[in-house]
Amino acid sequence: MTTPSLYQRDAAAISKMSFLRFFPQAVVGGDGAYLIGDDGRRLLDLSASWGAAGLGHSHPSIRKAVNKALESQAGASLLSTANLPSVELAEKLLSIVPKRAAGRVWLGHSGSDANETVARAVIAATGRPRILAFNGAYHGGTSGSMAISGHPAQQGVAKAAGLTLIPYPNAYRDGGAEQAEAAAIDHLEKLFAGPVPPNEVAALFIEPIQSDGGMVVPPQNYFRKVEALCRQHGILLVCDEVKVGLGRSGRLHCFEHFGIEPDIIVFGKGLGGGLPISAAVGPTEIMNHSAAFSFQTVHGNPVCAAAALAVLETIERNDLAANAAEVGQHLTDGLERLKQKHRMIGDIRGRGLAIGVELVTDRMSKTPARHETALTVYRAFELGLVLYYVGVSSNILEFTPPLTLTKAEADSGVDMLDRALSDVAEGRV
Ligand code: PLP
202 MTTPSLYQRD
212 AAAISKMSFL
222 RFFPQAVVGG
232 DGAYLIGDDG
242 RRLLDLSASW
252 GAAGLGHSHP
262 SIRKAVNKAL
272 ESQAGASLLS
282 TANLPSVELA
292 EKLLSIVPKR
302 AAGRVWLGHS
312 GSDANETVAR
322 AVIAATGRPR
332 ILAFNGAYHG
342 GTSGSMAISG
352 HPAQQGVAKA
362 AGLTLIPYPN
372 AYRDGGAEQA
382 EAAAIDHLEK
392 LFAGPVPPNE
402 VAALFIEPIQ
412 SDGGMVVPPQ
422 NYFRKVEALC
432 RQHGILLVCD
442 EVKVGLGRSG
452 RLHCFEHFGI
462 EPDIIVFGKG
472 LGGGLPISAA
482 VGPTEIMNHS
492 AAFSFQTVHG
502 NPVCAAAALA
512 VLETIERNDL
522 AANAAEVGQH
532 LTDGLERLKQ
542 KHRMIGDIRG
552 RGLAIGVELV
562 TDRMSKTPAR
572 HETALTVYRA
582 FELGLVLYYV
592 GVSSNILEFT
602 PPLTLTKAEA
612 DSGVDMLDRA
622 LSDVAEGRV
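Those letters in the sequence shown? Residues 202 to 630, by my numbering.
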């Protein structure tokens, strides 16, 4: 009898938690932008675990901070007592958000639990029963966060009673930035004038770039106009920075690109550098409301908080937002060159190291190349490149690499994608 591989043992022991076990490969380690397979293969990871490994894999600053916290606090469950790493982390987060959000920090384990807690708290604290979010939005995978999401992958999941989904303006698909912005604002104004009285709306949840919905970058002034409407009607603006925040977009916060100041900001993924921690930062009366209480045992876990603190310090010390801007531009330039050659590439968009490449069967009809996108991701993996795909039609290649990415690594990724696209187009997959 042959010994089962790690991948086979995974399949035999762990639930297929989702379709996301896409690659038939087990991983035994990581080294910066590379994953190391159980077969010794080094895979260039331009996904960075859906953006969570913002410092890359096995970063020394996280290792050091985690080891220190483990030795001193042993990962104690300290729900009922204060601990130094979580206090320092909260203080740090309060110091980096706009003043209007700098009240209190709620600490959780995932983007999902943070978003659902905020949704509960804003309704209870304002006494308004409604929430607005976007078609295509992904705010998480727990019941409460799915209930305020608009991604088609979650169709069939019960939505929150007071949820209204609105269109996210998409310049590529909605006739250009100007037209997309005007239509989306018009939609919102009509809602407020009719079926959704704005004084019943507690909050509007935004993703400053809609990542799982397709790395859609909003028209430049759209969120400024949305913010003005929210202020006019006393609606809280909640910004989900889980995937594109903390340096990834080339600015510390992605919302900075659009000149807005949210009331509540949600962090996850890259905050823990791969360890499970999230944070919602907002006004004291919201974050301290009893509806924000959630009695999860390992809230504010010192080991994860120490990791997050190390992440924030490393981003600041090494100016990784600037690196994301520079290497992100370099990577985008490389992808733009591929667009000259590969007719399947319909659009390239993003900010910093949050980039989407939309694949279409032809550029005129813009028909989503769904099948070809999955094939491209698979072929890229065979060639040594890890990417994922996102989008409401699953046809956007998503790049969320480590913020530490070098130009040489970006070039190597572009070369492998070039080959993968050729192999798919010419039927070699
Ligand atoms: N919000 C956004 C924008 C995300 O992209 C995700 C995950 O992909 C989440 C929230 C949920 O985060 P988590 O998977 O850590 O629960």
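Don't be surprised by glycine CBs; every beta carbon is placed ideally from N, CA and C. Just so we're clear, the structure is a prediction, and the values are computed from it rather than from any experiment.
- Assignment of Thr327 by DSSP, reduced to helix, strand and coil, places it in the helix class.
- Counting only heavy atoms of the ligand PLP, the residues whose C-beta sits closer than 6 Å to one of them are, along the chain, Trp251, Ser311, Gly312, Ser313, Asn316, Tyr339, His340, Gly341, Gly342, Glu408, Ser412, Asp413, Asp441, Val443, Lys444, Gly469, Lys470.
- If you look at Phe424, you'll find it in the alpha helix (DSSP H) that goes 423-434.
- Glu289 and Leu510 have their C-alpha atoms roughly 7 Å apart.
- Judged by DSSP secondary structure, Leu295 falls within the alpha helix (DSSP H) whose first and last residues are 285-297.
- Comparing C-alpha distances from Asp619 to each of Val439, Val591, Val578 shows the shortest one belongs to Val578.
- Annotated as distal: Gly529 and Ile546, with beta-carbon spacing of 9 Å or more.
- If only complete runs of 3 or more residues are kept, the segment 360-394 shows the beta strand (DSSP E) at 364-367, in order along the chain.
- The beta carbon of Val625 sits closer than 8 Å to the beta carbons of Met545, Glu573, Leu576, Thr577, Arg580 from its chain, once the five residues preceding and following it are set aside; these are given in chain order.
- Per the coordinates, the alpha-carbon of Lys608 lies some 14 Å from the alpha-carbon of Leu521.
- Taking the CA atoms as reference points, Leu405 sits about 10 Å from Asp464.
- When Ile478, Ser495, Gly414 are compared, the shortest CA-CA separation from Val558 is found for Gly414.
- Excluding the 5 residues flanking it on each side, His531 has same chain C-beta neighbours closer than 7 Å at Lys608, Ala611, in chain order.
- The secondary-structure analysis by DSSP pairs Gln411 across a beta bridge with Val417.
- Contact annotation: Gly230 and Asp246 have beta-carbon atoms that are not nearer than 9 Å.
- Cβ atoms of Leu244 and Leu586 come within 8 Å of each other, at about 7 Å.
- In this chain, the beta strand (DSSP E) harbouring Ile597 covers 597-600.
- Judged by DSSP in its simplified three-state form, Arg580 adopts helix.
- Looking at the backbone, the Cα of Leu476 and that of Cys505 are separated by about 6 Å.
- A Cβ-Cβ contact shorter than 9 Å links Tyr339 with Ala354.
- Collapsing the DSSP output to three states places Tyr208 in a helix.
- The Cβ atoms of Ala302 and Gly469 do not sit closer than 9 Å to each other.
- If you draw a straight line from the Cα of Ala403 to the Cα of Ala320, it comes to about 9 Å.
- Assignment of His490 by DSSP, reduced to helix, strand and coil, places it in the coil class.
- Per the coordinates, the alpha-carbon of Pro419 lies some 27 Å from the alpha-carbon of Arg329.
- Scanning the segment 471-533 for uninterrupted beta strand (DSSP E) segments of 3 residues or longer gives 479-483, listed from N- to C-terminal end.
- Partner residues in the beta bridge of Gly233, as assigned by DSSP, are His258.
- Boundaries of the alpha helix (DSSP H) harbouring Glu610: 608-626, taken from the DSSP string.
- For Arg452, the number of other beta carbons within 10 angstroms of its own is at least 16, and it is reported as buried.
- With 16 or more other Cβ atoms from the protein chains shown falling within 10 Å of its own Cβ, Asp548 counts as buried.
- For the set Asn371, Gly345, Ala385, Pro396, the Cα lying nearest the Cα of Thr365 is the one of Pro396.
- Inter-segment contact for the segment 331-345 and the segment 490-508 is absent: fewer than three beta-carbon pairs are separated by less than 8 Å.
- Closest option to Ser346, judged by alpha-carbon separation, among Pro368, Thr318, Ile367: Thr318.
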